[in-house]
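For the sequence shown, this note's numbering gives the first residue as 26, with consecutive numbering after it. The beta carbon of each residue, even a glycine, is placed where N, CA and C say it ideally should be. Remember, predicted model here, so these are calculated numbers, not experimental data. Worksheet for the structure shown next.
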Amino acid sequence: MVQAKFILFFSGLLVAASMHQVCLSTNDLSGTKSTIILVGCTPGDDYIKSVLSIAPDYTVDFIKWQITIYKNSASNFTLNIQYGESQPNTLGFKLGGSTKMIEGICTASDNPENDPGTIFHLKSNQLGHDLSLVRLNDNLFHILSAEQKLLVGNGGWSYTLNNTLPGGINNFRL
Numbered sequence: 026m027v028q029a030k031f032i033l034f035f036s037g038l039l040v041a042a043s044m045h046q047v048c049l050s051t052n053d054l055s056g057t058k059s060t061i062i063l064v065g066c067t068p069g070d071d072y073i074k075s076v077l078s079i080a081p082d083y084t085v086d087f088i089k090w091q092i093t094i095y096k097n098s099a100s101n102f103t104l105n106i107q108y109g110e111s112q113p114n115t116l117g118f119k120l121g122g123s124t125k126m127i128e129g130i131c132t133a134s135d136n137p138e139n140d141p142g143t144i145f146h147l148k149s150n151q152l153g154h155d156l157s158l159v160r161l162n163d164n165l166f167h168i169l170s171a172e173q174k175l176l177v178g179n180g181g182w183s184y185t186l187n188n189t190l191p192g193g194i195n196n197f198r199l
């Protein structure tokens with residue numbers, strides 16, 4: 026009985042270790058990682074509302090993001106957002122806010138200005154226009170403007186998204 030528990034425990038550790046190895050690299054879409062999951066909250070300004078096809082007159086104080094980028098999939102990304110008017114003294118929205126799920130194709134390219142970071146281009150007919158993100162390092166991605174410049178946040182939110190399965194910080198770039 027003890028031997029069976031040990032074998033089961035050891036097998037579980039091997040599976041967990043192998044899953045951890047699969048999720049270590051976020052270098053680009055051709056790497057070994059099968060998914061990149063990005064989360065964060067951003068302002069809900071006019072530009073980002075136009076990208077996300079949110080009505081211009083809809084009150085959006087902030088947006089909660091979850092972007093899953095898949096390797097070798099017919100749908101290369103899934104974007105789930107929750108947005109609306111903020112509920113005072115909480116991290117939530119009045120009346121629960123609104124939600125949207127967007128799927129599309131993701132491509133990656135080198136930064137044309139020779140700055141560090143791969144640029145991920147998210148394309149979907151559900152978006153008002155393409156959404157671009159620059160990979161600052163394995164842990165941080167930043168949303169870009171239509172001119173491929175870093176978007177500037179406000180007093181409450183930035184346009185930086187965090188990788189939920191980050192790599193090491195040995196290649197941290199500024």
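Separation of residue j from residue i, as counted between CA atoms
i, j, result
"residue 182", "residue 97", "32 angstroms"
"residue 152", "residue 114", "31 angstroms"
"residue 123", "residue 89", "10 angstroms"
"residue 148", "residue 157", "9 angstroms"
"residue 61", "residue 191", "9 angstroms"
"residue 52", "residue 145", "Residue confidence is low: residue 52 scores 40 on pLDDT, short of 50, so the model does not pin down where it sits. Its coordinate-derived value is still stated next. Distance between the alpha carbons of residue 52 and residue 145 is about 11 angstroms."
"residue 154", "residue 75", "8 angstroms"
"residue 108", "residue 133", "27 angstroms"
"residue 174", "residue 164", "19 angstroms"
"residue 116", "residue 171", "28 angstroms"
"residue 135", "residue 118", "37 angstroms"
"residue 169", "residue 162", "15 angstroms"
"residue 129", "residue 167", "19 angstroms"
Residue i vs residue j beta-carbon contact at 7 angstroms
i, j, result
"residue 126", "residue 150", "no"
"residue 66", "residue 102", "no"
"residue 188", "residue 77", "no"
"residue 160", "residue 185", "no"
"residue 82", "residue 111", "no"
"residue 178", "residue 68", "yes"
Reduced DSSP secondary structure (H/G/I, E/B, other) of residue i
i, result
"residue 108", "strand"
"residue 75", "helix"
"residue 121", "helix"
"residue 159", "strand"
"residue 128", "strand"
"residue 149", "coil"
"residue 84", "coil"
"residue 201", "As shown, the chain starts at 26 and ends at 199. That puts residue 201 outside it, with no answer to give."
"residue 115", "coil"
"residue 186", "strand"
Environment of residue i [buried if 16+ CB atoms lie within 10 Å]
i, result
"residue 121", "exposed"
"residue 93", "buried"
For residue i, the first and last residue of its enclosing beta strand (DSSP E)
i, result
"residue 64", "60–68"
"residue 91", "87–95"
"residue 179", "Where residue 179 is concerned, there is no enclosing beta strand (DSSP E), given that its DSSP letter is neither H nor E."
"residue 165", "165–168"
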